Amino acid sequence: GPGTILEIHLYHPQPYKDSERAYKRLITPEFLSLVHRSLAPQGLVVLQTDNWAYWNYIRRVAPLLFDFTELTGAWPDAPRGRTRREIYARQHKLSIFRGQGTPRPNITAAQIAEIIQSQPPPRFDAGR
Numbered sequence: 006g007p008g009t010i011l012e013i014h015l016y017h018p019q020p021y022k023d024s025e026r027a028y029k030r031l032i033t034p035e036f037l038s039l040v041h042r043s044l045a046p047q048g049l050v051v052l053q054t055d056n057w058a059y060w061n062y063i064r065r066v067a068p069l070l071f072d073f074t075e076l077t078g079a080w081p082d083a084p085r086g087r088t089r090r091e092i093y094a095r096q097h098k099l100s101i102f103r104g105q106g107t108p109r110p111n112i113t114a115a116q117i118a119e120i121i122q123s124q125p126p127p128r129f130d131a132g133r
């Protein structure tokens, strides 16, 4: 149920470089509101991408709902990477962008609805 999940990790969501498929991008204000609702009060969301434009969008929207911190360096438990995409990106000298956060406390349903309405969908040029 709501408020019970301890961790949600999302690694390398598809940025859809083709503008006609950009509407399929997963990380939206609505999606982040569902993550916020699902997490326990001290639950953790981890977001990671190797797409700079997607990361800029995440950095702008995630802190509205989460106490969000950017992470640098390799994972202590998996220095080569946690996913095949991360390993591939590292082998090809692509930058990895990641952050984590806990739900901002004391945000009302009305405030979350306002955040969803006021923030743009993920429209950006995902090309390199």
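Residues 6 to 133 in the working numbering are what the sequence shown spells out, letter by letter.
We treat Cβ as the ideally placed atom computed from N, Cα and C, and that holds for glycine.
From a predicted model like this one, the values you see are computed outputs, not experimental measurements.
Q: Would you mind sorting LEU39 into buried or exposed? The rule is 16 or more other CB atoms within 10 Å of its CB.
A: Here residue 39 is taken as the residue at index 34 of the sequence shown, counted from 1. LEU39 comes out exposed.
Q | Boundaries of the beta strand (DSSP E) in which TYR16 is found, first to last residue | A | Within the sequence shown, the letter at position 11 stands for residue 16. Counting along the chain, the beta strand (DSSP E) containing TYR16 begins and ends at 10–16.
Q: Classify PHE129 as helix, strand or coil using the three-state DSSP reduction.
A: In the sequence shown, residue 129 corresponds to position 124, counting from 1. DSSP, reduced to helix, strand and coil, places PHE129 outside both helices and strands of the structure shown, so it counts as coil.
Q) Would you call TYR59 buried or exposed, if buried means 16 or more other Cβ atoms sit within 10 Å of its Cβ? A) In the sequence shown, counting from the first residue as 1, residue 59 sits at position 54. Answer is buried; the Cβ neighbour count reaches 16.
Q) Which residues bound the beta strand (DSSP E) around GLU75? A) By 1-based counting over the sequence shown, the position of residue 75 is 70. Per DSSP, GLU75 belongs to the beta strand (DSSP E) from 71–76.
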